[in-house]
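Residue numbers (this note's numbering): 1377 to 1498.
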């Protein structure tokens, strides 16, 4: 069953998934974003922890892309075509660290240890 679901979302095997990926790539290129920029650190604490573990240059580049995208959105503009051609929307920088953080959290839960981070209400 899992292989069937994987084949449905794999762009190499499913035409609709390929079209979705193409449309998403086009939208991300317009604003100069990467797919990993769409993850919200306030929504999931694993993402926040993964971003804290990344090198400062990568996090700064992510923040610059997000600021540029917000600025372009507010102005109702897109990046120039020459800059859109240079964008790499599906080049990941967060996935490896995120899988490591989730693996560590699952290991801590399996061992019965306290979590490293918890959501607190101010």
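From the three backbone atoms N, C-alpha and C, an ideal C-beta is built for every residue, glycine too. Since this is a predicted model, take the numbers as computed values, not measurements.
Beta-carbon proximity of residue i to residue j, cut-off 7 angstroms
i: residue 1487; j: residue 1445; result: no
i: residue 1438; j: residue 1413; result: yes
i: residue 1435; j: residue 1448; result: no
Spatially closest choice to residue i from the options, by CA coordinates
i: residue 1469; options: 1401, 1387, 1400 and 1431; result: 1431
i: residue 1465; options: 1389, 1442 and 1382; result: 1442
i: residue 1475; options: 1397, 1385, 1423 and 1382; result: 1423
Alpha carbon of residue i to alpha carbon of residue j, nearest angstrom
i: residue 1489; j: residue 1453; result: 49 angstroms
i: residue 1394; j: residue 1473; result: 26 angstroms
i: residue 1401; j: residue 1467; result: 11 angstroms
i: residue 1419; j: residue 1425; result: 12 angstroms
Tell me whether the stretch 1457-1465 and the stretch 1394-1410 touch, counting them as touching only if at least three CB pairs, one residue from each stretch, are closer than 8 angstroms. Yes: the two stretches touch, three or more of their Cβ pairs being nearer than 8 angstroms.
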